[in-house]
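Heads up, the thing below is written out as structure tokens.
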Amino acid sequence: MSQLDYDTSKAIYKQIIEDFQKQLVRGELGPGDKIPSQREYALKVSVNPNTVQRAYQELERIGLAETIRGQGTFVKADTTLISEIRQAMADDILNRFFAEMNSLGYAKEQITEVLNRRLMEMKGATTND
Amino acid sequence: MIEFDQVGKRFGSIQALDQLSLQFGPGKIIGLFGPNGAGKSTAMKMIAGLNQPDSGHVLVDGQKPRHSRVKIAFLPEIDHLYGWWTLKQAADFMRSFYADWDDRKYTELLGFLNLREDMKISKISKGQRAKCKLILTVSRRAPYLLLDEPLSGIDILTREEIINTLIRDFREGEQSIIISTHEINDVESLVDEVFFIDQGRIVVSGSAEELRITQGLSLVEIMKEAFRHVQQ
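Protein chains in written order, with the working numbering: chain A, 178 to 306; chain B, 347 to 578.
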């Protein structure tokens, strides 16, 4: 797993789960892959072993990982679950985007307008390449 | 379980502990935070049985601290090792003194912390001396580790080594580590449970993760907030 660059103003166990989910979505981790033991992971990211335990328990509870006695912890998620996670993460980003835009006073039409303009610019940039 | 019940302690005109009540549960890494002079060291020494409350009482697993010293490995803030000792002599002393000394762990940690047994306490750097104090404390299989300011005045790489040693050897469920420090930044991700104290009283306490979730702040920010309210 990658080095966790956590935000100390948010629950660390949740950030461990999010980091794991991001790696699944990016394909850096796939079904059946072995992940570090709780102790190894705690040492790698310098986090309290109880916090790591809580994150691992939650990963197992939501069906993303499973621990096989004597063998270790493995990624369990199938492609359907991974695409659901990807969708949920995208929804989160969109929710934050809309909430921020609303707080700046942008109405729906204005948001559509800026999005369209941005998409056109991106398209232009790609054609120029 | 370590319990403080209405503990008061005065040194001359200074009220070091003021009706302090708290409980340190098992299986956790606990942070005791507060500014210099808040009462952290007084509380730590009391658990180690090195000073007595004026009022109230302190219990370690239901016993008075002076009867439970075998359960407590204490790392004091001061330099308590003789300068003329080598690390080996200090370890020999600990080995003869404490039945829970774990030689295998000590040998492993020598390598992990890059220490050599022939190092002479008076000849090594402050960071190395801090690591010597640490190895002598954590090589005991004591149910309670008390670390009083284990990171203060030490360079960042050594601080990381110390924190990783604690993570590496922490025995979940059966051990408690209590760390007092005024440098909360260093231990944000290390502690489970926190107690912020000032003028011998608890200002804020709770689970580190729950405090982050409910307040949306880091432990450092929570402490700043708490003390701002205290001073007003």
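Backbone N, C-alpha and C define an ideal beta-carbon position, used for all residues, glycine too.
- Going by beta carbons, B/Gly377 and B/Gly546 fall outside the 8 angstroms limit.
- Within the DSSP bridge table, the entry for A/Ala242 names A/Val252 as partners.
- If you check the CB distance, A/Ser186 and B/Glu529 do not come in under 8 angstroms.
- A contact between stretches requires three or more CB pairs, one per stretch, nearer than 8 angstroms, and the segment 482-499 of chain B meets this requirement with the segment 520-538 of chain B.
- For B/Gly473, the nearest beta carbon of chain A is not closer than 8 angstroms to its own beta carbon.
- Around B/Asn510, the beta-carbon contacts reaching into chain A at under 8 angstroms are Leu220 and Ser223.
- Sixteen is the threshold: when 16 or more other Cβ atoms of the shown chains lie within 10 Å of the Cβ of B/Glu555, as they do, the residue is buried.
- Within the segment 513-542 of chain B, no complete alpha helix (DSSP H) segment of 4 residues or longer occurs.
- Only residues of its own chain outside the window of five on either side were considered, and among them none has a CB closer than 7 angstroms to the CB of A/Arg246.
- The three-state secondary structure of B/Gly402, taken from DSSP, is strand.
- When DSSP states are grouped into helix, strand and coil, B/Glu349 belongs to the strand group.
- By the rule that beta-carbons nearer than 8 angstroms mark a contact, A/Ile189 touches chain B.
- Taking C-beta separations shorter than 8 angstroms and ignoring five residues to either side along the sequence, the partners of B/Met465 in its chain run Thr432, Leu433, Gln474 and Cys478, following chain order.
- B/Asn397 and B/Pro422 have their C-alpha atoms spaced approximately 13 angstroms apart.
- Within a 10 Å sphere around the beta-carbon of B/Lys469 sit fewer than 16 other beta-carbons, which makes this residue exposed.
- In this structure, DSSP gives B/Asp464 a state outside helix and strand, which the three-state scheme calls coil.
- At a cut-off of 8 angstroms, the C-beta of B/Ile524 has no neighbouring C-beta in chain A.
- Contact check for B/Ser535 against A/Ser214 fails: the beta carbons are separated by 8 angstroms or more.
- Nearest C-alpha to B/Met347 among B/Leu366, B/Leu455, B/Lys374 and B/Asn510: B/Lys374.
- Only buried fits B/Leu565, as 16 or more other CB atoms lie within 10 angstroms of its CB.
- Closest by C-alpha distance to B/Pro372, out of B/Arg517, B/Thr527 and B/Ile543, is B/Arg517.
- At a cut-off of 8 angstroms between beta carbons, A/Tyr233 makes no contact with chain B.
- Excluding residues up to 5 positions away in sequence, Ala232, Glu235 and Leu236 lie with their Cβ nearer than 7 angstroms to the Cβ of A/Ile194 in the same chain.
- For A/Ser260, no CB of chain B lies under 8 angstroms from its own CB, so it is not counted at the interface with that chain.
- Annotation: A/Leu271 to B/Ala476 spans about 49 angstroms, alpha carbon to alpha carbon.
- Per the coordinates, the alpha-carbon of B/Glu495 lies some 5 angstroms from the alpha-carbon of B/Thr527.
- In the structure shown, the three-state DSSP call for B/Thr432 is strand.
- Taking a Cβ-Cβ threshold of 8 angstroms, the residues of chain A close to B/Arg558 are Thr185, Ser186, Lys187, Ala188 and Ile189, in chain order.
- Burial state of B/Asp501 is exposed, judged by a 10 Å Cβ sphere holding fewer than 16 other Cβ atoms.
- Per the DSSP secondary-structure output, B/Ile418 pairs in a beta bridge with B/Tyr490.
- Annotation: B/Val540 to B/Ile559 spans about 14 angstroms, alpha carbon to alpha carbon.
- Secondary structure note for A/Gln192: its alpha helix (DSSP H) is the uninterrupted segment Ile189 to Arg203.
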